Amino acid sequence: MARPRDSQRQRLYDWEDILERTLHGRTASHPCDLHYARSIVSMVCRHYKIDKARWPGVTDGRSRRRAGYGYSSNTVKLPKWTRDEWTVLHELAHFLVCYRWGLRKASHGREFVSIYMRLLELFAGVDRKLMAQHANNRGLVFDHIDTYRKVRGKTWQ
Ligand SMILES: [Zn+2]
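The sequence shown runs 25 to 181 under our numbering.
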């Protein structure tokens with residue numbers, strides 16, 4: 025089955041931009057190096073009780089234009105100019121979607137947005153109402169922020 029089309033990608037980027045501008049100087053994204061990025065991976069994976077063997081690696085993403093999460097290599101790739109907290113959480117939201125659904129969901133689909141919002145709330149202190157408001161304003165389709173919060177049994181699934 026082909027992966028659903030990634031129809032919300034630009035809207036998601038626009039939403040991130042407006043949020044960052046709104047929050048500038050408060051809870052906006054802080055720069056981070058690879059070491060800090062790995063500690064964010066560790067915090068998020070512990071929160072979702074992901075088995076350590078499945079935690080994504082973090083690499084410098086040399087030669088890439090953008091940050092990204094590679095499904096087959098299970099790595100978050102972070103070129104130098106993309107290194108900040110929100111970017112790491114964005115890529116970890118991709119990781120969590122793939123962990124749970126493989127490639128069956130659109131890359132920036134409604135599940136992704138919900139999970140990313142939750143990471144931003146938990147690990148960057150961004151206000152959920154503000155996120156939902158801007159998302160609604162931009163026509164971003166998303167599931168409620170608490171939809172995928174549950175860790176069942178030993179892991180998140
Ligand atoms: Zn993305």
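By construction, the Cβ of each residue, glycine as well, lies at the ideal position given by its N, Cα and C atoms. These figures come from a predicted structure and were not determined experimentally.
- DSSP, read as helix, strand or coil, puts Tyr123 in helix.
- Boundaries for Val175: no alpha helix (DSSP H) harbours it, and the DSSP string shows neither H nor E there.
- Val100: member of the beta strand (DSSP E) spanning Thr99 to Lys101, first to last residue.
- For Pro103 and Cys56, the gap between their C-alpha atoms comes out near 12 Å.
- Per DSSP, Thr83 is one residue of the beta strand (DSSP E) stretching across Gly81 to Thr83.
- Put simply, the region 159 to 171 does not touch the region 85 to 102. Fewer than three CB pairs are less than 8 Å apart.
- Cα atoms of Leu127 and Tyr93: separation of roughly 12 Å, rounded to the nearest angstrom.
- The Cβ atoms of His158 and Glu109 do not sit closer than 7 Å to each other.
- According to the DSSP secondary-structure assignment, Gly94 is paired through a beta bridge with Thr99.
- Rounded to whole angstroms, the gap between the alpha carbons of Glu135 and Thr46 is 24 Å.
- Here Phe119 really is in contact with Val100; their C-beta atoms are around 7 Å apart, less than 8 Å.
- Contact between Val175 and Tyr72 holds, with the beta-carbon distance rounding to 6 Å and staying under 8 Å.
- Here the C-alpha atom of Arg173 lies approximately 31 Å from the C-alpha atom of Trp105.
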